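Protein sequence lines correspond, in order, to chains A and B. Using UniProt numbering, the letters of the first sequence correspond one by one to residues 1 to 253. Using UniProt numbering, the letters of the second sequence correspond one by one to residues 1 to 253. This report concerns only the one structure given below.
Protein chains: 2
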Amino acid sequence: MLAEVMTVGDELLTGNTVDSNSAFIAKKLTERGYWVRRITTVGDDVEEIKKAINEVLGRRPEVLVISGGLGPTHDDVTMLAVAEALGRRLVLCNECLEKIKAFYERLYREGYIDDPALNEGRRKMAYLPEGAKPLENSEGAAPGAYIEHNGVKIFVLPGMPREMKAMLEREVLPRLGERKFVQLKFLAEITDESKLAPILKEALEHFNVRIHSSPKGFGKYIGVIIFAESEEGAEKAARFLEERGISLERWKL
Amino acid sequence: MLAEVMTVGDELLTGNTVDSNSAFIAKKLTERGYWVRRITTVGDDVEEIKKAINEVLGRRPEVLVISGGLGPTHDDVTMLAVAEALGRRLVLCNECLEKIKAFYERLYREGYIDDPALNEGRRKMAYLPEGAKPLENSEGAAPGAYIEHNGVKIFVLPGMPREMKAMLEREVLPRLGERKFVQLKFLAEITDESKLAPILKEALEHFNVRIHSSPKGFGKYIGVIIFAESEEGAEKAARFLEERGISLERWKL
Chain A
1 MLAEVMTVGD ELLTGNTVDS NSAFIAKKLT ERGYWVRRIT TVGDDVEEIK
51 KAINEVLGRR PEVLVISGGL GPTHDDVTML AVAEALGRRL VLCNECLEKI
101 KAFYERLYRE GYIDDPALNE GRRKMAYLPE GAKPLENSEG AAPGAYIEHN
151 GVKIFVLPGM PREMKAMLER EVLPRLGERK FVQLKFLAEI TDESKLAPIL
201 KEALEHFNVR IHSSPKGFGK YIGVIIFAES EEGAEKAARF LEERGISLER
251 WKL
Chain B
1 MLAEVMTVGD ELLTGNTVDS NSAFIAKKLT ERGYWVRRIT TVGDDVEEIK
51 KAINEVLGRR PEVLVISGGL GPTHDDVTML AVAEALGRRL VLCNECLEKI
101 KAFYERLYRE GYIDDPALNE GRRKMAYLPE GAKPLENSEG AAPGAYIEHN
151 GVKIFVLPGM PREMKAMLER EVLPRLGERK FVQLKFLAEI TDESKLAPIL
201 KEALEHFNVR IHSSPKGFGK YIGVIIFAES EEGAEKAARF LEERGISLER
251 WKL
């Protein structure tokens, strides 16, 4: 169950914004049992986004989640790039246009904007790749899109974290099945790191888990994260590690 | 002056760690006048890292900065992957080995570790791709590497932020020339976003600057960042925007 994440935005490439979206998306996908193989960040550039999407599709993941570049400004070009990458036209989603209209009318009534009219930029957000299902944006104007293309489930989400998170929870995760993974985190005290690898390998052969390890401090502690379909499953693997001589304590981040 | 950034680590792909390293590196490269075109994040997997490096090299940037996966544990495989991607052998850097030895002896004297001996994992860090210049790690054990390969400057840095930042400042940036870019940030109050694009385009034709814009709030404010070689150059472009009717105020992040 391979997945990939793509974030779009010049502000990420200039380092003006730390990309916390990709970590959020990756965490949720991991909890659902997906293995996120790669995260790609590109700018607000149609050709770059297209190239990156085609490269992802060539790696044939089950799921691709894209975030960013759906807004009303001239540099929000992600939907166009997705459509072109998939060889589809952009078509007007009437239902989306109605919702966008209602959204700006509400902002106008509430005094946030001076003009509720659907100018070019606002209308643009109602165009989705042909065949896409619109994803409802409960927190903002731009709808997302869900497209199945050559066996890859593609989700296109806004970049504003509040909008992205709500859409991911409500519109994306329910389409990815019921399976859930839990993560148990431990600190292992260990004086020789080279002892850990064969024991982890043995645990992976015995249990239906994934295990990540990473050094903390100067080689005395190793962070160990066990992913399993249940807390009991993860705990069984943890007890196995302890039986093999690795002293674990629960690690609260 | 195109650049790319690559970060390596399973903890980034599971969402357990937010990748702030790539933003830091991208910001520093942008300040030096580089255009970061893409950020790629891969796991601690030799084949994946190799594939991603070869893809970057195919895009022929001037600079590639890689961060993460240089430590002593079994899943720190970045140097091996870099060497294999470039068709080079890993060779022992004697000078590095001496520094690693001294580093662990100091940790031992200061009571951080129980054993200062150079076991397999610690020795591994002294191996660099053939032809690489070692980069000094003032904050930790693992040296970085600087490799010129087919016209691409490749820098390989540790993933621990404190180590990465120090190495970037002291060992990488001095090798990237003296040119510096400043960024001035503004908030533009604007009621119709579609008016902004042609004015920005005009400014780009008149001045030696880069301009990024991104919506803040619901389309009433646009964040505008002007990159130029001097503060005066950026201010000239800002005054030009104001003359064209865009009301700007300085924006402190």
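Glycine included, every Cβ here is placed at the ideal spot set by N, Cα and C. It should be emphasised that the depicted structure is a prediction, and the values quoted were computed from it without experimental measurement.
Restricting attention to Arg89(A), Glu62(A), Glu171(A) and Lys165(A), the CA atom closest to the CA of Gly33(A) is found in Glu62(A). Beyond the five residues adjoining it in sequence on each side, Cys96(B) comes within less than 6 Å, by CB distance, of Ala126, Pro134 and Pro143 in the same chain, given in chain order. Proximity of the segment 91 to 105 of chain A to the segment 139 to 156 of chain A meets the contact definition, three or more beta-carbon pairs being nearer than 8 Å. According to the DSSP secondary-structure assignment, Met6(B) is paired through a beta bridge with Thr40(B) and Ile66(B). When Cβ-Cβ separations below 8 Å define contact, Arg38(B) makes contact with chain A. Among the CB atoms of chain B, none fall inside 8 Å of the CB of Leu248(A). Only Ser20, Ser22, Ala23, Phe24, Ile25, Ala26, Lys27, Lys28, Leu29, Thr30, Glu31, Trp35 and Val36 from the segment 20 to 36 of chain A bring a Cβ to less than 9 Å from some Cβ of chain B.
Scanning chain B for C-beta atoms nearer than 9 Å to the C-beta of Gly111(A) yields nothing, as the closest lies near 11 Å away.
If you compare the alpha carbons of Glu31(A), Glu47(A) and Ser20(A) with that of Ile39(A), the shortest gap goes to Ser20(A). Secondary structure at Glu110(B): coil, using DSSP grouped into helix, strand and coil. Under the three-state reduction of DSSP, Val77(B) is assigned to coil, being neither helix nor strand. Taken in chain order, the complete alpha helix (DSSP H) segments of 4 residues or longer contained in the segment 136 to 198 of chain B are 161 to 167. Closer than 8 Å to the CB of Thr78(A) there is not a single CB belonging to chain B. Taking 8 Å as the cut-off, the beta carbon of Ile226(A) is found closer than this to the beta carbon of Val209(A). Around the CB of Pro198(B), fewer than 16 other CB atoms lie within 10 Å, so the residue is classed as exposed.
In the DSSP assignment, Glu249(A) falls within the beta strand (DSSP E) that extends over Ser247 to Arg250. Taking the Cα positions, Asp75(A) is about 39 Å away from Asp75(B). Inclusion of Glu231(A) and Val182(A) in the CB contact set at 8 Å is warranted, their separation being smaller than that value. Secondary structure at Tyr34(A): coil, using DSSP grouped into helix, strand and coil. For Ala237(B), no beta strand (DSSP E) encloses it; the enclosing alpha helix (DSSP H) starts and ends at Glu231 to Glu243.
At least one CB of chain B lies nearer than 8 Å to the CB of Leu13(A). Using a Cβ-Cβ distance cut-off of 8 Å, the segment 157 to 172 of chain B and the segment 115 to 129 of chain B are not in contact, since fewer than three pairs of beta carbons, one from each stretch, lie closer than that value. Residue environment: Tyr104(A) is assigned as buried (16 or more neighbouring CB atoms within 10 Å of its CB, all protein chains considered).
Rounded to whole angstroms, Ala132(B) and Trp251(A) show a C-alpha spacing of 38 Å. In the three-state reduction of the DSSP assignment, Leu97(A) falls in the helix class, which pools H, G and I. Membership of Ala52(B) in any beta strand (DSSP E) is not indicated; the residue belongs instead to the alpha helix (DSSP H) covering Val46 to Gly58. When the Cα atoms are used, Lys180(A) and Glu229(A) turn out to be separated by approximately 6 Å. Leu12(B) sits in a helix when the DSSP states are folded into three classes.
Minimum Cα-Cα distance from Pro161(B) among the listed residues Leu2(B), Gly9(B) and Glu235(B) corresponds to Gly9(B).
Interface residue (Cβ-Cβ distance to chain B less than 8 Å): Val42(A) is classified as such.
Sorting Leu57(A), Lys195(A), Ala238(A) and Ala81(A) by C-alpha distance to the C-alpha of Lys153(A) places Leu57(A) at the top. Around the beta-carbon of Ser138(B), fewer than 16 other beta-carbon atoms lie within 10 Å, marking it exposed.
In the structure shown, the three-state DSSP call for Phe24(B) is helix.
The beta-carbon of Leu196(B) is placed less than 8 Å from the nearest beta-carbon of chain A. If you ignore the 5 residues before and after Phe186(B), its C-beta comes within less than 7 Å of the C-beta of Val224, Ala238, Leu248, Glu249, Arg250 and Trp251, all in its own chain and listed in chain order.
The residue from Val46(B), Asp44(B) and Ser22(B) with its alpha-carbon nearest to that of Val36(B) is Ser22(B).
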